[in-house]
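Data block below; observations after.
There are 2 protein chains.
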Amino acid sequence: MIRIAVDAMGGDFAPKEQVEGAMRAIKAIDDIEIVLYGDEVTIRPFLSDDTRIRIVQSEGTIDMGEKDPIAAIRQNRNSSMAMALLSVRNNETDAIVSSGATQALIAGAHILVGRMKKMKRTAIAPVLPTALGKPLILLDTGGNLEIKPEYMVQQAHFASVYAREILGVSTPRVGLINIGTEEGKGRELDRAVFDLFTANPHIAFVGNVEPKDVLSPPCDVLISDGFTANVVMKTIEGTAKGMGKMLRQELSKGFLGKIGLLLSMRNLKRFKQRMAAEAIGGAMIYGLRGVVIKAQGSSKAFGFYNAIRQAAHVVRQDVIHKVGDVIEKDEVNNAKTA
Amino acid sequence: MIRIAVDAMGGDFAPKEQVEGAMRAIKAIDDIEIVLYGDEVTIRPFLSDDTRIRIVQSEGTIDMGEKDPIAAIRQNRNSSMAMALLSVRNNETDAIVSSGATQALIAGAHILVGRMKKMKRTAIAPVLPTALGKPLILLDTGGNLEIKPEYMVQQAHFASVYAREILGVSTPRVGLINIGTEEGKGRELDRAVFDLFTANPHIAFVGNVEPKDVLSPPCDVLISDGFTANVVMKTIEGTAKGMGKMLRQELSKGFLGKIGLLLSMRNLKRFKQRMAAEAIGGAMIYGLRGVVIKAQGSSKAFGFYNAIRQAAHVVRQDVIHKVGDVIEKDEVNNAKTA
Numbered sequence: 001m002i003r004i005a006v007d008a009m010g011g012d013f014a015p016k017e018q019v020e021g022a023m024r025a026i027k028a029i030d031d032i033e034i035v036l037y038g039d040e041v042t043i044r045p046f047l048s049d050d051t052r053i054r055i056v057q058s059e060g061t062i063d064m065g066e067k068d069p070i071a072a073i074r075q076n077r078n079s080s081m082a083m084a085l086l087s088v089r090n091n092e093t094d095a096i097v098s099s100g101a102t103q104a105l106i107a108g109a110h111i112l113v114g115r116m117k118k119m120k121r122t123a124i125a126p127v128l129p130t131a132l133g134k135p136l137i138l139l140d141t142g143g144n145l146e147i148k149p150e151y152m153v154q155q156a157h158f159a160s161v162y163a164r165e166i167l168g169v170s171t172p173r174v175g176l177i178n179i180g181t182e183e184g185k186g187r188e189l190d191r192a193v194f195d196l197f198t199a200n201p202h203i204a205f206v207g208n209v210e211p212k213d214v215l216s217p218p219c220d221v222l223i224s225d226g227f228t229a230n231v232v233m234k235t236i237e238g239t240a241k242g243m244g245k246m247l248r249q250e251l252s253k254g255f256l257g258k259i260g261l262l263l264s265m266r267n268l269k270r271f272k273q274r275m276a277a278e279a280i281g282g283a284m285i286y287g288l289r290g291v292v293i294k295a296q297g298s299s300k301a302f303g304f305y306n307a308i309r310q311a312a313h314v315v316r317q318d319v320i321h322k323v324g325d326v327i328e329k330d331e332v333n334n335a336k337t338a
Numbered sequence: 001m002i003r004i005a006v007d008a009m010g011g012d013f014a015p016k017e018q019v020e021g022a023m024r025a026i027k028a029i030d031d032i033e034i035v036l037y038g039d040e041v042t043i044r045p046f047l048s049d050d051t052r053i054r055i056v057q058s059e060g061t062i063d064m065g066e067k068d069p070i071a072a073i074r075q076n077r078n079s080s081m082a083m084a085l086l087s088v089r090n091n092e093t094d095a096i097v098s099s100g101a102t103q104a105l106i107a108g109a110h111i112l113v114g115r116m117k118k119m120k121r122t123a124i125a126p127v128l129p130t131a132l133g134k135p136l137i138l139l140d141t142g143g144n145l146e147i148k149p150e151y152m153v154q155q156a157h158f159a160s161v162y163a164r165e166i167l168g169v170s171t172p173r174v175g176l177i178n179i180g181t182e183e184g185k186g187r188e189l190d191r192a193v194f195d196l197f198t199a200n201p202h203i204a205f206v207g208n209v210e211p212k213d214v215l216s217p218p219c220d221v222l223i224s225d226g227f228t229a230n231v232v233m234k235t236i237e238g239t240a241k242g243m244g245k246m247l248r249q250e251l252s253k254g255f256l257g258k259i260g261l262l263l264s265m266r267n268l269k270r271f272k273q274r275m276a277a278e279a280i281g282g283a284m285i286y287g288l289r290g291v292v293i294k295a296q297g298s299s300k301a302f303g304f305y306n307a308i309r310q311a312a313h314v315v316r317q318d319v320i321h322k323v324g325d326v327i328e329k330d331e332v333n334n335a336k337t338a
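Sequence order for the protein chains is R and C.
In this text, residue positions in the first sequence follow this note's numbering: the first is 1, and each later residue adds one.
In this text, residue positions in the second sequence follow this note's numbering: the first is 1, and each later residue adds one.
Shown next, in the form of structure tokens:
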């Protein structure tokens, strides 16, 4: 049995959607059991079926707008997020899923779960829908704002293993976010990373990728530092939101337009679903000793269920050990070359 | 008379669309005359009306994919782009509009037109449509990848004057692109710029702006370094393109969907027009001794005409001198505080 810890109190619609998502996951996936961390009195009314689900009582939650996430975690060791993270560290569970505050989850994962051996930095990596119908891993969207080129090599290894094991891509291609496709483009960091990726035998590097191809990418993994990738993710979100608004305004103009809009309703809804990342699951935090999945703060039961499914899949495929092997091989390789 | 130099040979559809755009501008705007730089034999067939338009013969063009734009400009002093730029420097014209290669135009403008007194860096600043119906100035989308905080203050001054004089915003608000809205977010650069903007009496600073609000911005100017702002611009472009593709795929599904799509055609077209930046004009290169406007490489006559209109407007409003005054005042101010 794969044991999944759920932070039942984190997120905009907690604990209702988290509990419903957990029950849905239990029904759909045979080899998992779930531990809900949260307030039993609040959770119980939503838990209509507790097959393979138990509750562990926690006290308090980590606020979404927490200014000092590290302090928040240190001072709230009995919060649902902290207790769920600790359960992974103590090998009481195999993975944790949380819709709680991103920065607190990253900080908490560092402190309570700890980094993988030899992994220098963590990274957070959402999986985005594209116009090509295949998903794209984008990283690092919220970890290290300033980072060394060598650390990005490790993150590319992690993403490549993830793409192979979880997304089923046989040879995952990695692209570097840049302002031009030619070699030599970008900042000092980008040029250094370009050289390291090109030389590395474990990275199928396609070169620089301009963000104008972000929804039709020539790769499975798009990587940059934690500032740039976060900016890309939020610009996609902002453009999609803004375009959706303009589209509704324009489509509802005039008599024929209104009828057209009515007839297109179902298709527009499907379009909206396609743009939503919910169906794909959450963002994994790469580089930890355990599996930590960040589901969107606004997750409903379906989104949360998908994040649980994803967490189980990552455990089942033993992703973390496989990444460890690649990093090990890389070190041996570097030692030989040096 | 305002004298506009046109690089008639630069752009995907040169010289046809450039010449048609020029004739259209002459018809619409009374106080301008235009000099077309290019090959007379190629241009003449498109010039059905040469009222207030003359041709100056040039030799060769700067290639769009030029690897070394500085060398390209230096070695092609008789190209249409170089000659048009020089005409501004020599006060034979008041402004230049070009759809040619961006990097070559920036390099050429540096070499041939020169920077404004006391202006430390140039910046390129497109004006984008938003879902709020008002335009947004985004900078720097292609100049300085790595930049000092003080230089961004000068660029914010330029954008503020431009927004006031050209876009008619009485008190232009400036936002800093960042990964969170709270003070203290971002890289060292972002935090330093935040402090400088806050302290500057000539900048109406609204604080950090996340790119998820890029199409519904709480400001008139959005600023970051040349790498980040370029990434934002290209991500908007990529998301719009990708979403458009997905939308067409979804809307044309099923019988009712197809009818709906037919009825909505006109509205969808209007939506597309609204997303296109063409109607707003080109991107101005800030910080030069003269007015240099970069029209999109794919500009048609309408887009090019709008860029000419914009160039004339910038000359008429004497934007460059007004920016010079603010930078002067700022220096006096800094000297007092120091």
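Glycine residues also receive a C-beta, built at the ideal position from the N, C-alpha and C atoms.
Exercise for review: Check residue 223 of chain R in the structure and name its three-state DSSP category.
Suggested key: The residue labelled residue 223 of chain R in the question sits at position 223 within the first sequence. Correct three-state label for residue 223 of chain R: strand.
Point to revise | Reference residue 24 of chain R; option with closest CA among R:330, R:329, R:318 and R:305 | key: As a working mapping, residue 24 of chain R is identified with position 24 in the first sequence. Here the closest residue by C-alpha is R:305.
**Study point:** Cutoff 8 Å: residue 137 of chain C Cβ touching any chain R Cβ
**Key:** Locating residue 137 of chain C in the second sequence gives position 137, where the first residue counts as 1. No, its Cβ sits nowhere closer than 8 Å to a Cβ of chain R.
Practice item. Flag residue 250 of chain C as yes if its beta-carbon sits less than 8 Å from any beta-carbon of chain R, otherwise no. Key: By 1-based counting over the second sequence, the position of residue 250 of chain C is 250. Residue 250 of chain C counts as touching chain R.
Review point. Short check: CB of residue 119 of chain R to CB of residue 131 of chain C, under 8 Å?
Key: Sequence index remark: in the first sequence, residue 119 of chain R carries index 119 (1-based). Sequence index remark: in the second sequence, residue 131 of chain C carries index 131 (1-based). Using a Cβ distance threshold of 8 Å, residue 119 of chain R and residue 131 of chain C do not count as a contacting pair.
Review point. Span of the beta strand (DSSP E) holding residue 137 of chain C?
Key: Here the question's residue 137 of chain C lines up with position 137 in the second sequence. 136-139 is the span of the beta strand (DSSP E), which, as asked, contains residue 137 of chain C.
Practice item. Below 7 Å between beta carbons is the criterion; list the residues of the stretch 207-237 of chain C that meet it against any residue of chain R, in chain order. Key: For the stretch 207-237 of chain C, which is checked against every Cβ of chain R, the residues closer than 7 Å are 210, 211, 212, 213, 214, 215, 216, 227, 228, 230, 231, 232, 234, 235, 236 and 237.
**Study point:** Neighbour list for residue 144 of chain C in chain R, Cβ cutoff strictly below 8 Å
**Key:** By one-based count along the second sequence, residue 144 of chain C stands at place 144. Near residue 144 of chain C there are no residues of chain R at all, since even the closest Cβ is about 11 Å away, more than 8 Å.
Exercise for review: Would you check if the distance between the CB atom of residue 220 of chain C and the CB atom of residue 238 of chain R is smaller than 8 Å?
Suggested key: Start at 1 with the first residue of the second sequence, and residue 220 of chain C comes out as number 220. Start at 1 with the first residue of the first sequence, and residue 238 of chain R comes out as number 238. Between residue 220 of chain C and residue 238 of chain R, the C-beta gap is not smaller than 8 Å, which leaves the two residues out of contact.
Practice item. Rank R:94, R:26 and R:40 by C-alpha distance to the C-alpha of residue 291 of chain R and give the top, closest one. Key: The residue given as residue 291 of chain R occupies position 291 in the first sequence. If we check each option's Cα against that of residue 291 of chain R, R:94 comes out closest.
Check your understanding: Three or more beta-carbon pairs under 8 Å between the stretch 164-179 of chain C and the stretch 192-199 of chain C, yes or no?
Key -> yes
Exercise for review: Kindly list the residues whose CB is nearer than 7 Å to the CB of residue 341 of chain R, restricted to its own chain and excluding five residues on each side of it in sequence; keep chain order.
Suggested key: An answer regarding residue 341 of chain R cannot be provided, because it is not within the stretch 1 to 338 covered by chain R.
Point to revise | Cβ-Cβ distance between residue 251 of chain R and residue 257 of chain R below 8 Å | key: The residue labelled residue 251 of chain R in the question sits at position 251 within the first sequence. The residue labelled residue 257 of chain R in the question sits at position 257 within the first sequence. Going by C-beta atoms, residue 251 of chain R is nearer than 8 Å to residue 257 of chain R.
Review point. Candidates C:165, C:27 and C:233: which alpha carbon is nearest residue 49 of chain C's?
Key: On the second sequence, residue 49 of chain C is found 49 positions in, with the first residue counted as 1. Looking at the Cα atoms, C:27 is the closest of the given residues.
**Study point:** residue 131 of chain R: contacting residues in chain C (beta-carbon distance under 7 Å)
**Key:** Locating residue 131 of chain R in the first sequence gives position 131, counting from the first residue. Contact note: residue 131 of chain R reaches chain C through 242, 245 and 246, using a C-beta cutoff of 7 Å and chain order.
Point to revise | Best match in R:206, R:200 and R:91 for proximity to residue 182 of chain R [C-alpha to C-alpha] | key: Here residue 182 of chain R refers to the residue found at position 182 of the first sequence. With distances taken between Cα atoms, residue 182 of chain R lies closest to R:206.
Review point. Which of the three DSSP states, helix, strand or coil, is assigned to residue 284 of chain C?
Key: For the purposes of this step, residue 284 of chain C is identified with residue 284 of the second sequence, where counting begins at 1. Three-state result, residue 284 of chain C: strand.
Check your understanding: When we look at the beta-carbon of residue 75 of chain C and count the other beta-carbons within 10 Å, is it buried (16 or more) or exposed?
Key -> Your numbering for residue 75 of chain C matches position 75 in the second sequence. Sixteen is the threshold: since fewer than 16 other Cβ atoms of the shown chains lie within 10 Å of the Cβ of residue 75 of chain C, the residue is exposed.
Check your understanding: Taking Cβ-Cβ distances shorter than 8 Å, what residues in chain R pair up with residue 66 of chain C?
Key -> Start at 1 with the first residue of the second sequence, and residue 66 of chain C comes out as number 66. None at all; the shortest Cβ gap to chain R is about 11 Å.
Review point. Cα-Cα, which of R:324, R:254, R:309 and R:91 is closest to residue 97 of chain R?
Key: Working through the first sequence from its first residue, we reach residue 97 of chain R at position 97. With distances taken between Cα atoms, residue 97 of chain R lies closest to R:309.
Check your understanding: Between residue 190 of chain R and the rest of its own chain, which residues show a CB-CB distance below 7 Å, the 5 nearest in sequence each way excluded?
Key -> Along the first sequence, one-based indexing puts residue 190 of chain R at 190. Within the same chain, 176 and 178 come within 7 Å of residue 190 of chain R by CB-CB distance, once the 5 residues on both sides are set aside.
Check your understanding: Which residues in the same chain have their Cβ closer than 7 Å to the Cβ of residue 301 of chain R, if we skip the five residues on either side of it in sequence?
Key -> The residue given as residue 301 of chain R occupies position 301 in the first sequence. Once the five neighbours on either side are set aside, the close Cβ partners of residue 301 of chain R are 17, 20, 21 and 24.
Review point. If you draw a straight line from the alpha carbon of residue 157 of chain R to that of residue 202 of chain R, how long is it in whole angstroms?
Key: The residue you call residue 157 of chain R lines up with position 157 of the first sequence. The residue you call residue 202 of chain R lines up with position 202 of the first sequence. Cα to Cα, residue 157 of chain R sits roughly 7 Å from residue 202 of chain R.
Check your understanding: Going by beta carbon distance, what residues of the same chain come within less than 7 Å of residue 287 of chain C, once the five residues before and after it are set aside?
Key -> Stepping through the second sequence from its first residue, residue 287 of chain C is reached at position 287. These residues qualify, in order along the chain: 115, 116, 119, 121, 122, 123 and 158.
Review point. Rounded to a whole number of angstroms, what is the C-alpha to C-alpha distance between residue 107 of chain R and residue 293 of chain R?
Key: Numbered from its first residue, the first sequence carries residue 107 of chain R at position 107. Numbered from its first residue, the first sequence carries residue 293 of chain R at position 293. Cα-Cα distance, rounded: 13 Å.
Check your understanding: So which of R:73, R:81 and R:69 has the shortest CA-CA distance to residue 35 of chain R?
Key -> Position 35 of the first sequence, counted from the start, is the residue given in the question as residue 35 of chain R. The shortest C-alpha separation from residue 35 of chain R is found at R:81.
**Study point:** Residue-chain proximity (residue 182 of chain R, chain C), Cβ-Cβ < 8 Å
**Key:** Locating residue 182 of chain R in the first sequence gives position 182, counting from the first residue. Yes, contact with chain C.
Point to revise | Residue nearest to residue 254 of chain R in terms of C-alpha spacing, selected from C:254, C:335 and C:267 | key: On the first sequence, position 254 is the one that residue 254 of chain R refers to. Nearest C-alpha to residue 254 of chain R: C:267.
Review point. Any beta-carbon of chain R closer than 8 Å to the one on residue 327 of chain C?
Key: Taking the second sequence and counting its residues from 1, one reaches residue 327 of chain C at position 327. Not closer than 8 Å to any Cβ of chain R, the Cβ of residue 327 of chain C fails to qualify, so no.
**Study point:** DSSP three-state assignment for residue 208 of chain C, whether helix, strand or coil
**Key:** Looking up residue 208 of chain C in the second sequence gives position 208. Residue state, collapsed to three classes: strand.
Exercise for review: Say whether the stretch 147-167 of chain R touches the stretch 306-326 of chain R, bearing in mind that this needs 3 or more beta-carbon pairs closer than 8 Å, one atom from each stretch.
Suggested key: yes
Check your understanding: In chain order, what residues of the same chain have a beta carbon less than 8 Å from the beta carbon of residue 103 of chain C, not counting five sequence neighbours either side?
Key -> Along the second sequence, read from residue 1 onward, the residue named residue 103 of chain C stands at position 103. Within the same chain, 66, 69 and 142 come within 8 Å of residue 103 of chain C by CB-CB distance, once the 5 residues on both sides are set aside.
Review point. Can you name, in chain order, every residue of its own chain whose Cβ lies under 6 Å from the Cβ of residue 72 of chain R, other than the five neighbours on each side?
Key: The sequence position of residue 72 of chain R within the first sequence is 72, counting from 1. Correct list, in chain order: 62, 66 and 104.
Exercise for review: Scan the stretch 128-186 of chain R and note each continuous beta strand (DSSP E) run of 3 residues or more that stays entirely inside, going in chain order.
Suggested key: Counting only runs that start and end inside the stretch 128-186 of chain R, the beta strand (DSSP E) elements of at least 3 residues fall at 136-139 and 173-177.
Review point. Does any CB atom of chain C fall closer than 8 Å to the CB of residue 264 of chain R?
Key: Walking along the first sequence from the start, residue 264 of chain R turns up at place 264. Yes, residue 264 of chain R lies at the interface with chain C (some Cβ there is under 8 Å from its Cβ).
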